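**Q** Residue numbering for the sequence shown follows the working numbering, beginning at 2 and increasing consecutively. Glycine included, every Cβ here is placed at the ideal spot set by N, Cα and C. Small disclaimer: the values here were computed from a predicted structure and weren't measured.
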Amino acid sequence: MVLCECFARDGLQHEARFVATAVKIEAIERFAGLGFARVEATSYAHPKHVPQFADADAVLAGIARRAGVRYKATCVNLRALERALDAAAAGRGPSEVSVLVSASESHTRRNLNRSREEQWRIVEEMVAAAAQRFVLIGTISVALGCPFEGRVDPACVAAAARRLGALGVRHIAIGDTTGMGNPRSVAQLFRRLRDEVPGMTWIAHFHDTRGTAIANCIAAYEAGVRHFDSAFGGVGGHPTNIQYGEGYTGNVCTEDLATVFEAMGVSTGLDMSRLLETAAFCEAALGRPLRSMVARSGLGLAEAAHV
2 MVLCECFARD GLQHEARFVA TAVKIEAIER FAGLGFARVE ATSYAHPKHV PQFADADAVL
62 AGIARRAGVR YKATCVNLRA LERALDAAAA GRGPSEVSVL VSASESHTRR NLNRSREEQW
122 RIVEEMVAAA AQRFVLIGTI SVALGCPFEG RVDPACVAAA ARRLGALGVR HIAIGDTTGM
182 GNPRSVAQLF RRLRDEVPGM TWIAHFHDTR GTAIANCIAA YEAGVRHFDS AFGGVGGHPT
242 NIQYGEGYTG NVCTEDLATV FEAMGVSTGL DMSRLLETAA FCEAALGRPL RSMVARSGLG
302 LAEAAHV
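Rendered as structure tokens:
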């Protein structure tokens, strides 16, 4: 299985305090050294909207690239994609770019300030402009429930996945953006997607708003998913100035998820002996204890097996 560490992007977008560029670079390098094959490094969001990523170019220029590791940047519009292309031409660009769509109209308008069809037209332009320069990750937000519209029809998610596939996108992240999924709905959705939209690499991107994210990840694994997004300390959510989730909004916690999978005999490819050291670094970077069970209790069975 493959974990993508999202602390430096999805995690930090929820932080009101700017995290120093040097700290972001060190975090990304630590993640790569820990064994992550994919690291979400930054976003090309406009600094006016998400000030945390005003240093996107500096972060990507500053990291020491590790062989076999793909570094991802999120792009929300064509201008963002053009910045990624400029960085790539200068030898400091991302290796992956994620493009965003939503399974609901209301979430699209709240998150991106445009209609779904307007966003689809932008995504089409972005994919064409990328010209296969990057590995493209298509993210479908609120795929398991929308905080504004409630239940999301799985047929709508499948249609979005087919539309991404028609554009040539072969990696699709299914986002449970505000933690409304449950193990049954997760398993049913991924089985449907596997049957109706073959040939894709599916990625589970789950938030732990209601405490179900680890159970949902296990359900996704049992349904055949082998790629998962997570963030150290369970940090993240929506950008600080865009409110569409109540209460806790963070990602599934990397150290907890990795520990569960390793205890189940599923290799994450991570150096488990350094997992808690990295968790402590992330807590120090944000200046507070984070939402991790194993950071408080230890790794347990995985700790005994790997340390």
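Alanine 132 to leucine 168, Cα distance in whole Å?
**A** If I take the Cα positions, the gap works out to 11 Å.
**Q** Spell out a yes or no on whether the region 31-44 and the region 3-16 are touching, meaning 3 or more CB-CB pairs, one atom from each, closer than 8 Å.
**A** The region 31-44 vs the region 3-16: in contact.
**Q** So glycine 225 and asparagine 252 are in contact, right, with Cβ under 8 Å, and what is the actual spacing, rounded?
**A** Glycine 225 to asparagine 252, Cβ: 21 Å. No contact.
**Q** CA-CA distance, alanine 68 and glycine 151?
**A** Distance between the alpha carbons of alanine 68 and glycine 151 is about 43 Å.
**Q** First and last residue of the alpha helix (DSSP H) that includes tyrosine 222?
**A** Unbroken alpha helix (DSSP H) run through tyrosine 222: 214-223.
**Q** Just the Cα atoms here: how many angstroms apart are serine 96 and aspartate 257?
**A** Distance between the alpha carbons of serine 96 and aspartate 257: 27 Å.
**Q** From the DSSP output, in three-state form, read off asparagine 252 for me.
**A** Strand, per DSSP.
**Q** Can you tell me where the beta strand (DSSP E) holding glycine 176 begins and where it ends?
**A** Segment 172-177, the beta strand (DSSP E) holding glycine 176.
**Q** Counting only the same chain and skipping the five closest in sequence on each side, list residues whose C-beta sits under 6 Å from that of alanine 259.
**A** Contacts found: Thr269, Leu271.
**Q** At a cut of 8 Å, does the region 112-128 reach the region 55-75 through at least three beta carbon pairs?
**A** With the cut-off at 8 Å, the region 112-128 and the region 55-75 do not touch.
**Q** Could you pull the DSSP bridge partners for alanine 232 from this structure?
**A** Partner(s): Cys254.
**Q** Select from Val98, Ala89, Leu194 the residue whose C-alpha is nearest the C-alpha of aspartate 154.
**A** Nearest of Val98, Ala89, Leu194 to aspartate 154, Cα basis: Leu194.
**Q** Could you check which residue in Ala81, Leu287, Ser293 has the C-alpha nearest to that of threonine 22?
**A** Ranking the options by Cα distance to threonine 22, first place goes to Leu287.
**Q** Per DSSP, glutamate 73 forms a beta bridge with which residues?
**A** Note on residue identity: the sequence assigns lysine, not glutamate, to residue 73. Its beta-bridge partners are Glu41, Glu97.
**Q** Just checking: is the beta-carbon of arginine 185 within a distance shorter than 8 Å of some beta-carbon in chain B?
**A** The displayed structure is made up of one protein chain only, and chain B is not part of it.
**Q** Helix or strand or just coil, what does DSSP make of threonine 279?
**A** Helix.
**Q** Assuming contact is defined by CB atoms lying nearer than 8 Å, are glycine 238 and histidine 15 in contact in what I supplied?
**A** Their beta carbons are under 8 Å apart, which means glycine 238 touches histidine 15 by this criterion.
**Q** Quick one: using the 10 Å Cβ neighbour count with 16 as the cut-off for buried, is alanine 104 buried or exposed?
**A** Classification of alanine 104: buried, given that the 10 Å Cβ count is 16 or more.
**Q** Count the other C-beta atoms from every protein chain shown that fall within 10 angstroms of the C-beta of phenylalanine 207, then say buried if there are 16 or more, exposed otherwise.
**A** By the neighbour-count rule (16 or more Cβ atoms within 10 Å), phenylalanine 207 is buried.
**Q** Would you kindly work out how many angstroms separate the C-alpha atoms of valine 189 and methionine 201, rounded to a whole number?
**A** The amino acid occupying residue 189 in the given sequence is glutamine; valine does not appear at that position. One C-alpha to the other measures close to 17 Å.
**Q** Buried or exposed, going by whether 16 or more other CB atoms sit within 10 Å of the CB of valine 124?
**A** By the neighbour-count rule (16 or more Cβ atoms within 10 Å), valine 124 is buried.
**Q** Distance check for serine 99 and arginine 31, CA to CA, integer angstroms please.
**A** Roughly 22 Å between the two C-alpha positions.
**Q** Could you work out which residue in Pro148, Cys218, Val60 is closest to valine 261 when comparing CA atoms only?
**A** With distances taken between Cα atoms, valine 261 lies closest to Cys218.
**Q** Is it right to say aspartate 230 is buried, meaning 16 or more other beta carbons lie within 10 angstroms of its own, or is it exposed?
**A** Under this definition aspartate 230 is a buried residue.
**Q** Three-state secondary structure (DSSP) at isoleucine 26?
**A** Of the three classes helix, strand and coil, the one that applies to isoleucine 26 here is helix, per DSSP.
**Q** Roughly how many whole angstroms lie between the Cα atoms of lysine 49 and leucine 137?
**A** Roughly 25 Å separates the two Cα atoms.
**Q** Since threonine 210 contacts tyrosine 249 with CB under 8 Å, what's their CB separation in whole angstroms?
**A** With a Cβ gap of about 6 Å, threonine 210 and tyrosine 249 count as contacting.
**Q** Look at the Cβ atom of alanine 28, then the Cβ atom of leucine 61, and state whether they are nearer than 8 Å.
**A** Taking 8 Å as the Cβ cut-off, alanine 28 and leucine 61 do not qualify as a contacting pair.
**Q** Please state whether DSSP places cysteine 157 in a helix, a strand or coil.
**A** Correct three-state label for cysteine 157: helix.
**Q** When you compare each of Met265, Lys25, Thr255 to valine 295 by their alpha carbons, which one comes out closest?
**A** Cα-wise, what sits closest to valine 295 is Thr255.
**Q** Take the Cβ of valine 267 as the centre, count every other Cβ of all protein chains shown within 10 Å, and call the residue buried at 16 or more, exposed below.
**A** When all chains shown are included, valine 267 counts as exposed.
**Q** Return the chain-ordered list of same chain residues with a C-beta closer than 6 Å to the C-beta of glycine 301, the five sequence neighbours on each side being excluded.
**A** Closer than 6 Å at Cβ, skipping near neighbours: no residue.
**Q** With 16 other CB atoms within 10 Å as the buried threshold, where does phenylalanine 233 fall?
**A** Classification of phenylalanine 233: buried, given that the 10 Å Cβ count is 16 or more.
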